[in-house]
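Participant:
Residue numbers (the numbering used here): 698 to 1034.
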């Protein structure tokens, strides 16, 4: 198949960033455990979030789909309708809901498809085993089986591979029997951890940051057990991962400027770091009531460390290709996750 790409310009000056998949999936996970109704407005309609809603229902929540909103009636303890969870091809969904499944006493299977079949889940199995959970069949191509229940404890966790398992642990341990202390080392994607902590707090869960060493990438967290998420109304912010592409497009192709709207920054998003890279490269940005405006103009050159924001590699690589001088992208070891 041959694709022909022609030089293009934008015909409008305003676009809306789609809703954040990362925020949406976290809210869906916690709403599954919350007693009562959580109303989610401006929901993401991405495949990842559709599968998150499916897994919420599979774990026993009542999910109602509206035209512009989603209602989730959750409860805890979990009352799964099936013995299988279907994450689709969502890495976050697989790991986060896989950890939530460990709150249940009976075995549940993660039915992997597509690219998830190549993922090794030994890291998730190791982390869960420290809390009394058994995970089998974690090799690529297999469907892992998770046998709970998860119980709190003081555990040292290798967080160098991904923050996704940790996200699930923070959500689940707050509901588990017994308090927990997590000693995290090799922490990556720190902004995603912060997003999780902020969503947890908004839904009534208490997580205490005891100590942090940014240079050593260590983090000490205390998670009181036997809590329960509180149902509430939640609006989903625009997605900075998608906005990064739109801002890059505006810089390269807009006749004069491009406004990217729907970016309220209610929660920390790692890919908001695109603003720093654009400014470093000489692009002109301005804040608006609904988001960010970028003026048309190719970047000069820039340096960016993607250790905490690996999803920025594609838009930054495209911007770097149009730079007047060479640019440097660091932290690319994260791209395999």
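No residue lacks a Cβ here, since even glycine has one placed at the ideal position from N, Cα and C.
Taking the alpha-carbon of residue 934 as reference, which of 828, 958, 1002 has the nearest alpha-carbon?
Facilitator: Position 237 of the chain shown holds residue 934. Comparing Cα-Cα distances from residue 934 to each of 828, 958, 1002, the minimum goes to 958.
Participant: If I measure Cβ to Cβ from residue 863 and keep anything under 6 Å in the same chain, skipping five residues before and after, which residues do I get?
Facilitator: Along the chain shown, read from residue 1 onward, the residue named residue 863 stands at position 166. So the qualifying residues of the chain are 856.
Participant: In the DSSP assignment, what residue or residues form a beta bridge with residue 900?
Facilitator: As a first step, residue 900 is located in the chain shown; it is residue number 203 there, counting from the start. According to DSSP, residue 900 bridges with nothing at all.
Participant: Name the two residues that bound the continuous beta strand (DSSP E) containing residue 842.
Facilitator: Numbered from 1 along the chain shown, position 145 holds the residue referred to as residue 842. First-last of the beta strand (DSSP E) with residue 842: 842-844.
Participant: Hey, how far is the Cα of residue 865 from the Cα of residue 764?
Facilitator: For the purposes of this step, residue 865 is taken as residue 168 along the chain shown, with counting starting at 1. For the purposes of this step, residue 764 is taken as residue 67 along the chain shown, with counting starting at 1. Taking the straight line from one Cα to the other gives about 29 Å.
Participant: Checking 9 Å against the spacing of the C-beta atoms, do residue 790 and residue 775 come in under that value?
Facilitator: The count along the chain shown starts at 1 and reaches residue 790 at position 93. The count along the chain shown starts at 1 and reaches residue 775 at position 78. Contact: no.
Participant: Measuring straight from C-alpha to C-alpha, what distance separates residue 1019 and residue 978?
Facilitator: Here residue 1019 refers to the residue found at position 322 of the chain shown. Here residue 978 refers to the residue found at position 281 of the chain shown. When rounded, the distance between both Cα atoms is 11 Å.
Participant: So residue 900 packs on residue 750, CB below 8 Å; how close in whole Å?
Facilitator: Numbered from 1 along the chain shown, position 203 holds the residue referred to as residue 900. Numbered from 1 along the chain shown, position 53 holds the residue referred to as residue 750. No, residue 900 and residue 750 are not in contact; Cβ-Cβ is about 17 Å, not under 8 Å.
Participant: Starting from residue 1001, trace the beta strand (DSSP E) in both directions and tell me its first and last residue.
Facilitator: By one-based count along the chain shown, residue 1001 stands at place 304. Unbroken beta strand (DSSP E) run through residue 1001: 1000-1002.
Participant: Which whole runs of the beta strand (DSSP E) in the region 775-832 are 3 residues long or more, in chain order?
Facilitator: 805-807
Participant: Can you give me the C-alpha to C-alpha distance between residue 821 and residue 708, rounded to a whole angstrom?
Facilitator: Sequence index remark: in the chain shown, residue 821 carries index 124 (1-based). Sequence index remark: in the chain shown, residue 708 carries index 11 (1-based). The alpha-carbon atoms of residue 821 and residue 708 are separated by roughly 46 Å.
Participant: For residue 748, report the span of its beta strand (DSSP E) as first-last.
Facilitator: Here residue 748 refers to the residue found at position 51 of the chain shown. Looking at the DSSP string, residue 748 is not in any beta strand (DSSP E); the run it does join, the alpha helix (DSSP H), is 744-755.
Participant: Who pairs with residue 924 in a beta bridge, going by DSSP?
Facilitator: Mapped onto the chain shown, residue 924 falls at position 227. None; residue 924 has no bridge partner.
Participant: Take the Cβ of residue 738 as the centre, count every other Cβ of all protein chains shown within 10 Å, and call the residue buried at 16 or more, exposed below.
Facilitator: For the purposes of this step, residue 738 is taken as residue 41 along the chain shown, with counting starting at 1. It is exposed - the Cβ of residue 738 has fewer than 16 other Cβ atoms within 10 Å.
Participant: Would the region 880-894 and the region 840-848 be scored as touching if the rule is three or more Cβ pairs under 8 Å?
Facilitator: no
Participant: Where does residue 839 fall in DSSP's three states?
Facilitator: Walking along the chain shown from the start, residue 839 turns up at place 142. DSSP places residue 839 in coil when its eight states are reduced to three.
Participant: Can you tell which of 927, 869, 810, 971 has the C-alpha that lies nearest to the C-alpha of residue 770?
Facilitator: Position 73 of the chain shown holds residue 770. The shortest C-alpha separation from residue 770 is found at 927.
Participant: What I want to know is whether the C-beta of residue 949 ends up closer than 8 Å to one or more non-hydrogen atoms of the ligand SAM.
Facilitator: Within the structure as shown, the ligand SAM is missing, as the structure has no ligands at all.
Participant: Going by beta carbon distance, what residues of the same chain come within less than 6 Å of residue 890, once the five residues before and after it are set aside?
Facilitator: Locating residue 890 in the chain shown gives position 193, where the first residue counts as 1. Excluding sequence neighbours, residue 890 sits near 860.
Participant: Helix, strand or coil for residue 972, going by three-state DSSP, please let me know.
Facilitator: Counting from one through the chain shown, the residue named residue 972 turns up at place 275. Note: residue 972 maps to helix in three-state DSSP.
Participant: Once DSSP output is grouped into helix, strand and coil, what is the label at residue 990?
Facilitator: Here residue 990 refers to the residue found at position 293 when the chain shown is read from its first residue. Correct three-state label for residue 990: strand.
Participant: What are the partner residues of residue 713, as DSSP defines its beta bridges?
Facilitator: What you label residue 713 is simply residue 16 of the chain shown in a count that begins at 1. 958, per the DSSP bridge assignment.
Participant: Rounded to the nearest angstrom, what separates residue 700 and residue 786 at their Cα positions?
Facilitator: To locate residue 700, count along the chain shown from 1; it is residue 3. To locate residue 786, count along the chain shown from 1; it is residue 89. Near 26 Å, if we compare the C-alpha coordinates of residue 786 and residue 700.
Participant: Could you spell out the range, first to last residue, of the alpha helix (DSSP H) harbouring residue 1016?
Facilitator: Numbered from 1 along the chain shown, position 319 holds the residue referred to as residue 1016. Run containing residue 1016: 1010-1018, per the alpha helix (DSSP H) assignment.
Participant: Buried or exposed for residue 817, going by 16 or more other Cβ atoms inside 10 Å?
Facilitator: Along the chain shown, read from residue 1 onward, the residue named residue 817 stands at position 120. Residue 817 is exposed by the Cβ-count criterion.
Participant: Can you tell which of 987, 854, 850 has the C-alpha that lies nearest to the C-alpha of residue 921?
Facilitator: In the chain shown, the residue the question calls residue 921 occupies position 224. The option with the nearest alpha carbon to residue 921 is 850.
Participant: Would you check if the distance between the CB atom of residue 996 and the CB atom of residue 1016 is smaller than 9 Å?
Facilitator: By one-based count along the chain shown, residue 996 stands at place 299. By one-based count along the chain shown, residue 1016 stands at place 319. Contact flag set, yes.
Participant: Helix or strand or just coil, what does DSSP make of residue 718?
Facilitator: Start at 1 with the first residue of the chain shown, and residue 718 comes out as number 21. The answer is helix: DSSP assigns residue 718 an H, G or I state.
Participant: In this structure, does DSSP put residue 911 in helix, strand or coil?
Facilitator: Along the chain shown, read from residue 1 onward, the residue named residue 911 stands at position 214. Note: residue 911 maps to coil in three-state DSSP.
Participant: Alpha carbon to alpha carbon, what distance is there between residue 803 and residue 942?
Facilitator: By 1-based counting over the chain shown, the position of residue 942 is 245. By 1-based counting over the chain shown, the position of residue 803 is 106. Taking the CA atoms as reference points, residue 942 sits about 43 Å from residue 803.
Participant: Taking 8 Å as the cut-off, does the region 954-968 touch the region 903-914 (at least 3 CB pairs, one atom from each stretch)?
Facilitator: no
Participant: Across which residues does DSSP place residue 919 in a beta bridge pair?
Facilitator: Here residue 919 is taken as the residue at index 222 of the chain shown, counted from 1. Beta-bridge pairing links residue 919 to 878, 905.
Participant: Whose C-beta lies closer than 6 Å to the C-beta of residue 838 among residues of the same chain, with five residues either side of it excluded?
Facilitator: Within the chain shown, the letter at position 141 stands for residue 838. Once the five neighbours on either side are set aside, the close Cβ partners of residue 838 are 814.
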